[in-house]
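Novice: Please find one structure pasted underneath; my questions will follow.
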Amino acid sequence: MTGYRSDLLRLLHERGYIHQCTDFEGLDALALEGPVTGYIGFDATADSLHVGHLMQIMLLRRLQQTGHRPIALMGGGTTKVGDPSGKDETRQLLTEETIRDNIARIGSTFANYLDFAGGAAPPAALMVNNADWLDGLEYIPFLRDIGRHFTINRMLTFDSVKLRLEREHPLTFLEFNYMILQAYDFMELARRQGCRLQMGGSDQWGNIVNGIELTRRMLGQEVYGLTAPLITTASGAKMGKTAAGAIWLAPHRLSPWDFWQFWRNTEDADVGRFLRLFTDLPLDEIARLEALEGAEINEAKKILATEVTRLAHGDAAAAEAAETARRTFEQGAAAEGLPTVDLPRGALESGLPAFRLLTLAGLAASNGEARRLIKGGGGRINDDRIADAEAAIGLDAVTADGVIKVSAGKKRHVLVRPV
1 MTGYRSDLLR LLHERGYIHQ CTDFEGLDAL ALEGPVTGYI GFDATADSLH VGHLMQIMLL
61 RRLQQTGHRP IALMGGGTTK VGDPSGKDET RQLLTEETIR DNIARIGSTF ANYLDFAGGA
121 APPAALMVNN ADWLDGLEYI PFLRDIGRHF TINRMLTFDS VKLRLEREHP LTFLEFNYMI
181 LQAYDFMELA RRQGCRLQMG GSDQWGNIVN GIELTRRMLG QEVYGLTAPL ITTASGAKMG
241 KTAAGAIWLA PHRLSPWDFW QFWRNTEDAD VGRFLRLFTD LPLDEIARLE ALEGAEINEA
301 KKILATEVTR LAHGDAAAAE AAETARRTFE QGAAAEGLPT VDLPRGALES GLPAFRLLTL
361 AGLAASNGEA RRLIKGGGGR INDDRIADAE AAIGLDAVTA DGVIKVSAGK KRHVLVRPV
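Under the numbering used here, the sequence shown has 418 at position 418, and the numbering climbs by one with no breaks.
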């Protein structure tokens with residue numbers, strides 16, 4: 001179905017968010033009647049969300065932009081269990097204190113994308129914690145009232161369980177219960193908040209369907225599920241996974257500069273798609289940008305990087321990152337805003353081998369990798385190519401800004417500051 005009447009489904013379709021829906025016509029009609037409350041769940045396994053969560057965050061943003069009410073459901077309860085979806089190993093169990101701290105930090109990220117003050121249109125977004133109802137459950141009553149609606153036969157067919165068992169990796173009884181708890185979340189939100197829609201990545205389809213069926217049986221209410229495609233790059237890589245690790249959304253985990261750089265390095269073939277998914281730019285402007293060819297596509301990448309960083313970190317941080325990039329790459333200056341590493345002054349007094357400086361700066365994972373980088377012509381000190389991996393780099397390399405600019409290739413730079 002593509003002839004959507006509601007602004008919600010039309011926008012989601014035009015921008016590429018739709019993978020599956022349990023009932024397109026029913027959800028389309030519901031969205032025409034008035035504000036729909038919809039939710040997505042996020043477990044608090046770390047103190048920051050990352051780029052892998054950004055599709056879901058933007059889904060909530062689109063929901064609110066079209067006049068509906070989004071709920072960001074924090075998994076204060078389900079994080080204690082751990083979602084087995086897409087995992088070969090049991091997640092590390094976190095303490096309740098750690099989970100609470102993680103949720104508090106994650107809340108600031110949602111505040112950048114959703115309006116929690118709201119008004120008549122759109123309604124205010126909500127942030128809810130499923131610990132509010134899961135923590136108080138009693139085991140035997142829960143099994144009698146909720147567990148009887150789930151058969152082991154069917155639970156074994158869901159990918160989150162089946163794939164783990166096929167690979168002969170252990171699946172704990174604790175994790176096995178996750179899908180029941182997630183289904184219970186949907187039913188509780190339907191009862192407490194009038195929630196009629198659950199959204200998520202395509203790997204959550206089975207869990208979403210479970211919640212729909214449980215809500216129908218227990219409340220006699222029609223609810224809906226919609227999933228977005230899992231995002232991979234044009235080359236097939238998993239979105240947000242790099243050699244350096246996850247691309248975090250919170251600045252205490254990843255600087256706005258490094259975040260900007262990640263998006264600036266987008267593959268040419270992904271620029272238009274990522275502009276539609278992760279920015280608010282109008283579709284006609286996106287069409288113009290993705291039509292650029294050759295060196296001009298780099299301008300589209302800079303706009304992508306700036307617009308995504310603006311949403312995640314605000315106007316000032318995005319502008320600073322873009323200006324840092326301009327000065328670094330276009331003027332060759334050791335610009336403020338680049339990642340900075342402090343190094344004891346004494347270590348540089350007698351001179352450090354160039355390969356060792358690259359490693360200490362975090363531009364190579366090992367001394368061997370640093371040597372290979374230099375041998376391939378990719379190592380630079382203050383924009384000058386390093387000819388010898390053993391060359392001693394001392395205090396004489398410190399610039400007037402009080403730093404040494406260390407580079408790996410043309411796009412990765414760190415300022416080393418003697419202290």
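For every residue, glycine included, the Cβ atom is placed at its ideal position computed from N, Cα and C.
Computed from a prediction, not measured in an experiment: that's the story for all the values here.
1) Assign N112 to one of three DSSP states: helix, strand, or coil.
2) Rounded to the nearest angstrom, what separates R288 and L358 at their Cα positions?
3) Please list the terminal residues of the continuous alpha helix (DSSP H) segment that includes I146.
4) So A361 is in the alpha helix (DSSP H); what residue range does that whole segment cover?
5) What residues are listed by DSSP as bridge partners for S407?
6) Am I right that T79 and T45 are in contact with their C-beta atoms under 8 angstroms? What's the rounded C-beta distance?
7) Where do the ends of the alpha helix (DSSP H) carrying Y184 lie?
8) If you draw a straight line from the alpha carbon of A190 to that of I212, how long is it in whole angstroms?
9) Of the residues A322, P418, P35 and R310, which one's Cα is nearest the Cα of G118?
10) Per DSSP, T340 forms a beta bridge with which residues?
11) Distance, Cα to Cα, N153 vs G378?
12) Grab the span of the alpha helix (DSSP H) containing V308 for me, first residue to last.
13) Would you call the segment 215–224 and the segment 247–254 in contact, with 3 or more CB pairs under 8 angstroms?
14) Return the bridge partner residues of M55 from the DSSP annotation.
15) Find the nearest neighbour of G402 within the set K411, R345 and S48, judged by alpha-carbon distance.
16) What does DSSP give as the partner residues of N130 in its beta bridges?
17) Could you check the C-alpha separation between D145 and N367 for me, to the nearest Å?
18) Kindly list the residues whose CB is nearer than 7 angstroms to the CB of L59, restricted to its own chain and excluding five residues on each side of it in sequence; keep chain order.
19) Please classify I140 as buried or exposed, where buried requires at least 16 other C-beta atoms within 10 Å of its C-beta.
20) So V81 and L214 are supposed to be a Cβ contact under 8 angstroms. How far apart are they, rounded?
21) Within this structure, are the beta carbons of G75 and N112 separated by less than 7 angstroms?
22) Determine the contact status of A361 and V419, defining contact as a CB-CB distance below 7 angstroms.
23) Tell me, to the nearest whole angstrom, how far the beta carbon of L427 is from that of V398; I am working on the premise that it is less than 8 angstroms.
24) Count the other C-beta atoms from every protein chain shown that fall within 10 angstroms of the C-beta of Q204, then say buried if there are 16 or more, exposed otherwise.
25) How many Å lie between R196 and S235 at the Cα?
26) Which one of A400, K405, D396 and A370 has the shortest CA to CA distance from A389?
27) When DSSP builds the beta bridges, which residues end up paired with T151?
28) Against chain B, does G52 count as a neighbour if the rule is that its beta carbon must be under 7 angstroms from one of theirs?
29) Roughly how many whole angstroms lie between the Cα atoms of L73 and I106?
30) P256: buried (16+ other C-beta within 10 angstroms of its C-beta) or exposed?
31) In this structure, what does DSSP give as the bridge partners for A72?
32) Going by the beta-carbon positions, is the gap between V271 and E290 smaller than 7 angstroms?
33) Does DSSP put L156 in a helix, in a strand, or in coil?
34) Quick test of your reading: D268 and I297, contact by CB under 8 angstroms. State the CB separation rounded to the nearest angstrom.
35) Tell me which same chain residues have a C-beta within less than 7 angstroms of the C-beta of K162, skipping the five on either side of it?
Specialist: With the structure as the only source:
1) helix
2) 40 angstroms
3) Looking at the DSSP string, I146 is not in any alpha helix (DSSP H), and its letter there is neither H nor E.
4) From DSSP, A361 is part of no alpha helix (DSSP H); its letter is neither H nor E.
5) R380 and H413
6) 6 angstroms
7) Y178 to Q193
8) 10 angstroms
9) P35
10) L415
11) 56 angstroms
12) I297 to H313
13) no
14) Looking at the DSSP assignment, M55 forms no beta bridge with any residue, so it has no partner.
15) R345
16) Answer is none; N130 lacks a bridge partner.
17) 59 angstroms
18) Y17, I40, M199 and A228
19) exposed
20) Not a contact, Cβ separation roughly 17 angstroms.
21) no
22) no
23) Nothing can be reported for residue 427, as the shown portion of the chain is limited to 1 through 419.
24) buried
25) 37 angstroms
26) A370
27) According to DSSP, T151 bridges with nothing at all.
28) Absence of chain B from the displayed structure is noted, only one protein chain being present.
29) 11 angstroms
30) buried
31) I40 and M127
32) yes
33) coil
34) 5 angstroms
35) L156
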